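Below is one structure; the comments refer to it alone.
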Amino acid sequence: MSIRTTINSLVTMIIVLSILVGLCGVWLLAASPVSTRAEGYIGAVMLLAMIVILFLGRKLHFQGPWVAPLRIISIFLAIFLTARYLIWRVEFTIGGYGIVSLIVGLTL
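Structure follows, in structure tokens:
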């Protein structure tokens, strides 16, 4: 194994582990009651994490055991944050038929 390959593997593993730590932090923040602005920051961090995971999968050609689970975690976290946002909208801002129109609008 050459030094360049070893360094590339080490850097890739560091990036993957940092993404995993970041996703765990986002999960902990999403589970706590935070303000709307903080939820916006959480969404931005999730978007950045998904872009980095996409970069890892395509640019670094890393096809190890970490990429697929991180993508699945990102998808479930995005679903969780979307559901949390919908619950917040139903409880505090809209009611009745407003939630139906919101879901139809998000679907379109």
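The sequence shown begins at -5 in the numbering used here and counts up one residue at a time. Ideal placement from N, C-alpha and C gives every residue a C-beta, glycine not left out. These numbers were taken from a predicted model, which means no experiment stands behind them.
About 6 Å separates the beta carbon of L75 from that of I36, a gap short enough to meet the 8 Å contact definition. DSSP places S(-4) in the coil class of the three-state scheme, outside both helix and strand.
In this structure, the straight-line span from the alpha carbon of T(-1) to that of M7 is close to 12 Å.
A straight-line Cα-Cα distance of about 27 Å links F49 and T101. The beta carbon of V46 is closer than 8 Å to those of I9, I13 in its chain, skipping five residues each way along the sequence. Judged by beta-carbon spacing, A43 lies within the 8 Å limit of S68, meaning their Cβ atoms are closer than that value. 8 Å or more divides the Cβ of A62 from the Cβ of M40.
Looking only at E85, V94, S95, Y79, the smallest Cα-Cα distance to G34 is reached by Y79. Residue state for P59 is assigned as coil, using DSSP reduced to three classes.
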